[in-house]
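Structure first, commentary second.
2 protein chains.
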Amino acid sequence: MAPAETAPDVRALDTLTGLLREDLAAVDAIIHERMGSSVGLIPNLAAYLIDAGGKRVRPMITLAAARLFGESGMAAARNLAAAVEFIHTATLLHDDVVDESALRRGRTSANFVWGNAASVLVGDFLFARSFNLMVDAGDLEILGVLAQASSIIAEGEVMQLAAMNDADAPLDRYLAIIDAKTAALFAAAARVGAMAAGQRGDVADRLAAYGRNLGLAFQLVDDALDYGGRTASLGKNVGDDFREGKVTMPVALAREAGDAEERAFWRRVMGGGGQTESDFDRAVAILRRRGAIDATLEAASGYAEAAKAALAVAPPSAMRTALENLADFVVRRAS
Amino acid sequence: MAPAETAPDVRALDTLTGLLREDLAAVDAIIHERMGSSVGLIPNLAAYLIDAGGKRVRPMITLAAARLFGESGMAAARNLAAAVEFIHTATLLHDDVVDESALRRGRTSANFVWGNAASVLVGDFLFARSFNLMVDAGDLEILGVLAQASSIIAEGEVMQLAAMNDADAPLDRYLAIIDAKTAALFAAAARVGAMAAGQRGDVADRLAAYGRNLGLAFQLVDDALDYGGRTASLGKNVGDDFREGKVTMPVALAREAGDAEERAFWRRVMGGGGQTESDFDRAVAILRRRGAIDATLEAASGYAEAAKAALAVAPPSAMRTALENLADFVVRRAS
Numbered sequence: 018m019a020p021a022e023t024a025p026d027v028r029a030l031d032t033l034t035g036l037l038r039e040d041l042a043a044v045d046a047i048i049h050e051r052m053g054s055s056v057g058l059i060p061n062l063a064a065y066l067i068d069a070g071g072k073r074v075r076p077m078i079t080l081a082a083a084r085l086f087g088e089s090g091m092a093a094a095r096n097l098a099a100a101v102e103f104i105h106t107a108t109l110l111h112d113d114v115v116d117e118s119a120l121r122r123g124r125t126s127a128n129f130v131w132g133n134a135a136s137v138l139v140g141d142f143l144f145a146r147s148f149n150l151m152v153d154a155g156d157l158e159i160l161g162v163l164a165q166a167s168s169i170i171a172e173g174e175v176m177q178l179a180a181m182n183d184a185d186a187p188l189d190r191y192l193a194i195i196d197a198k199t200a201a202l203f204a205a206a207a208r209v210g211a212m213a214a215g216q217r218g219d220v221a222d223r224l225a226a227y228g229r230n231l232g233l234a235f236q237l238v239d240d241a242l243d244y245g246g247r248t249a250s251l252g253k254n255v256g257d258d259f260r261e262g263k264v265t266m267p268v269a270l271a272r273e274a275g276d277a278e279e280r281a282f283w284r285r286v287m288g289g290g291g292q293t294e295s296d297f298d299r300a301v302a303i304l305r306r307r308g309a310i311d312a313t314l315e316a317a318s319g320y321a322e323a324a325k326a327a328l329a330v331a332p333p334s335a336m337r338t339a340l341e342n343l344a345d346f347v348v349r350r351a352s
Numbered sequence: 018m019a020p021a022e023t024a025p026d027v028r029a030l031d032t033l034t035g036l037l038r039e040d041l042a043a044v045d046a047i048i049h050e051r052m053g054s055s056v057g058l059i060p061n062l063a064a065y066l067i068d069a070g071g072k073r074v075r076p077m078i079t080l081a082a083a084r085l086f087g088e089s090g091m092a093a094a095r096n097l098a099a100a101v102e103f104i105h106t107a108t109l110l111h112d113d114v115v116d117e118s119a120l121r122r123g124r125t126s127a128n129f130v131w132g133n134a135a136s137v138l139v140g141d142f143l144f145a146r147s148f149n150l151m152v153d154a155g156d157l158e159i160l161g162v163l164a165q166a167s168s169i170i171a172e173g174e175v176m177q178l179a180a181m182n183d184a185d186a187p188l189d190r191y192l193a194i195i196d197a198k199t200a201a202l203f204a205a206a207a208r209v210g211a212m213a214a215g216q217r218g219d220v221a222d223r224l225a226a227y228g229r230n231l232g233l234a235f236q237l238v239d240d241a242l243d244y245g246g247r248t249a250s251l252g253k254n255v256g257d258d259f260r261e262g263k264v265t266m267p268v269a270l271a272r273e274a275g276d277a278e279e280r281a282f283w284r285r286v287m288g289g290g291g292q293t294e295s296d297f298d299r300a301v302a303i304l305r306r307r308g309a310i311d312a313t314l315e316a317a318s319g320y321a322e323a324a325k326a327a328l329a330v331a332p333p334s335a336m337r338t339a340l341e342n343l344a345d346f347v348v349r350r351a352s
């Protein structure tokens, strides 16, 4: 693809970061203040993950969703953005314990450095602190949105756990899982940003729809990238879902389109029956032959378009354009 | 001790349960409704622990603290009591993962039945749901009290983790640990009950002092019972702290009063250097010789007296008497 065409998209994250520079610096200060504790292990472990170069996508969505509607409510929006990042970080810490992951953001995961016990408890601490931040934001209705999202995320995580190594897990259950474990926090992040700026009702609903659809697109692209994406450029960090027996959308689609031999293959490799070294390459080959990567990315495009359409509720602005471009970028990073 | 003297105390819990019968039934209904989820593993695992015969001491304190000041605010108090029990249950689930416990409330612990991953995630769910309940109670200041308590509990748990197998852990650090991991929730449970009944300022502070001191007494008695209590009747469930290398008050006191040989013993057995079968009996013998069990129970009595004194802020009533007797009962169960 020509640089002239892709440039606006791939720079979407940078543009958003630029527009929110001051807010993000303020959120970073809040995050570092609120992860503080006289118990040294807490800030050490939290900083290890929080300062590891995450892109702060979720807090940016909260901040941008507020700024779409003017300058008011930004103090609350900053607290809420930090709260959203704490919820996300707590989830990552617990996820790594649940998945027994050894890597996160390209480094040894916290549970492998400090142990599972510390990761569980520091995750609990950050989760509790997220509610302290919400209390400071001072709006019970907003707090209810994030409390509800937190319940749904946990439900999604448990659903995913129960579906692990279930080679026959249906596609709609998978979509329900990512709706809960990923999209719910994106949706809440956008909704509470709009609410902090005084928006309620349909406007808040549409912003939540932006976040939810963006989150779904984001997750499906991640799923496709786990099998090398469209170009099957198998760099680092591929194959995690495969090894963990997580039936994501590409596998669910290929399984449904496959012949008896392929279905037997999927049942063996995803059903906890053991994997050989060549199985992952074979999986990628089947996924490509069945068009499952393309179909997954097309679904992601559909969600990204829905996300952009939902933004029409906000007045046109550089921020709105940046959020629209973010939706495109989320999908194009897999091309 | 003569039955005539002990009877009022040992019946304290029953009396309180009787006075709060309707409230407790309502709280139980809220708990069972709010632990519900379409993800079957969640209510199954939650019910396993919640219906295992816990005494609901913390929610009773919330309910009683509200009833001390009349009939108002009981709808909120019931939601808050359920929230407090959810926080407690989430903490137990995560504790058992952290401690790799195989037993809880006399049964195989949830993490040994469903695995650590499920215990972590269902704990997260219950913790999130506790905040949903607090939102329904509708008071941001009350929510702040429980959010703050949740942070402090997590800090206490991390402190305890960091102190594990540190045979030289000083007594004041141990007291800081139990103040955070145990007493903070008792304090918040009592405070939010009073707040639900419209009490603020000094009255709420005094109720929090009741809860905190009761929690400290409760924990110290537990610590003494883990070594058989005053009578050294070594039934089931003793020796957990010893095996886990947790330096509780009895050990800290005996270590400080001990000779060189005893200090070497404590360093070996609590320092992660391995334990032999006879070590626990030797530990109990040293603790008794050094008067460490008695001294721990005396400290517990002091906290129980402080708890009772704090209740003077409330008008005299059968409920206040029951709460006073609860403080006595907490200590006497170790006699």
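Sequence lines, in order, name chains A and B. Plus 17 on top of the position in the first sequence (first one is 1) and you've got my numbering. Plus 17 on top of the position in the second sequence (first one is 1) and you've got my numbering. For glycine and all other residues, C-beta sits at the position ideal for the given N, C-alpha and C. Note that this is a predicted model, so its numbers are computed, not measured.
Quick check on the DSSP output: the alpha helix (DSSP H) that includes residue i runs from which residue to which?
| i | result |
| --- | --- |
| P60(A) | L58 to I67 |
| P76(B) | V74 to R84 |
| L202(B) | A201 to A213 |
| Q236(A) | G218 to L242 |
| Q165(A) | L157 to A180 |
| K198(A) | No alpha helix (DSSP H) contains K198(A), which DSSP labels as neither H nor E. |
| S89(A) | Run containing S89(A): none; DSSP gives neither H nor E here. |
| R272(B) | M266 to A274 |
| M52(B) | Looking at the DSSP string, M52(B) is not in any alpha helix (DSSP H), and its letter there is neither H nor E. |
| G140(B) | N133 to A154 |
| E278(B) | A277 to M287 |
| V255(A) | It is not in any alpha helix (DSSP H) - V255(A) carries neither H nor E in the DSSP assignment. |
| K325(A) | A309 to A327 |
| D298(B) | D296 to R306 |
| T34(A) | A29 to L36 |
Nearest chain B C-beta to residue i closer than 8 Å, yes or no?
| i | result |
| --- | --- |
| M368(A) | No answer is possible for residue 368(A): the residues shown for chain A start at 18 and end at 352. |
| H111(A) | yes |
| A201(A) | no |
| A179(A) | yes |
| V268(A) | no |
| G161(A) | yes |
Tell me which same chain residues have a C-beta within less than 7 Å of the C-beta of residue i, skipping the five on either side of it?
| i | result |
| --- | --- |
| A184(B) | V264, W283, R284, M287 and G288 |
| P25(B) | Confidence at P25(B) is low in this model, with a pLDDT of 47, below 50, so its placement is unreliable and the value that follows should be read with caution. Closer than 7 Å at Cβ, skipping near neighbours: N342. |
| K198(B) | I170, G173, E174 and Q177 |
| A100(A) | S147, L150, M151 and L163 |
Can you list the residues of chain B that residue i reaches, using a CB-CB cut of under 9 Å?
| i | result |
| --- | --- |
| S7(A) | Not covered by the structure: residue 7(A). The range shown for chain A is 18 to 352. |
Per the DSSP calculation, residue i is bridged to which residue(s)?
| i | result |
| --- | --- |
| L120(B) | T125(B) |
If the cut is a Cβ gap below 7 Å, which residues of chain A does residue i touch?
| i | result |
| --- | --- |
| A171(B) | L138, D141, F142 and A145 |
| V114(B) | V137 |
| V152(B) | L157, L160, G161 and A164 |
Which bits of chain A does residue i rub up against, with CB to CB less than 8 Å?
| i | result |
| --- | --- |
| G155(B) | L157 |
If I measure Cβ to Cβ from residue i and keep anything under 8 Å in the same chain, skipping five residues before and after, which residues do I get?
| i | result |
| --- | --- |
| A221(B) | R208, A211 and M212 |
| V348(A) | A234, V238, L314, A317, S318 and A321 |
| S54(A) | P60 and F142 |
Leaving out the 5 sequence neighbours to the left and right, which residues in its chain are closer than 6 Å to residue i when beta-carbon positions are compared?
| i | result |
| --- | --- |
| H111(A) | G140 |
| F142(A) | I59 |
| M181(B) | G262 |
| N128(B) | D113, V114 and S136 |
| L109(A) | none |
| A323(A) | N230 |
Examine chain A for any beta-carbon lying closer than 8 Å to the beta-carbon of residue i, and answer yes or no.
| i | result |
| --- | --- |
| A164(B) | yes |
| A134(B) | yes |
| S126(B) | no |
| S118(B) | no |
| S89(B) | no |
| R208(B) | no |
Name the chain B residues that come within less than 8 Å of residue i, Cβ to Cβ?
| i | result |
| --- | --- |
| L58(A) | V175, L178 and A179 |
Using a cut-off of 7 Å between C-beta atoms, extract the partners of residue i located in chain B.
| i | result |
| --- | --- |
| S54(A) | E172 |
Between residue i and chain E, is any beta-carbon pair separated by less than 8 Å?
| i | result |
| --- | --- |
| R307(A) | Given the protein chain composition of this structure (A and B), no chain E is represented. |
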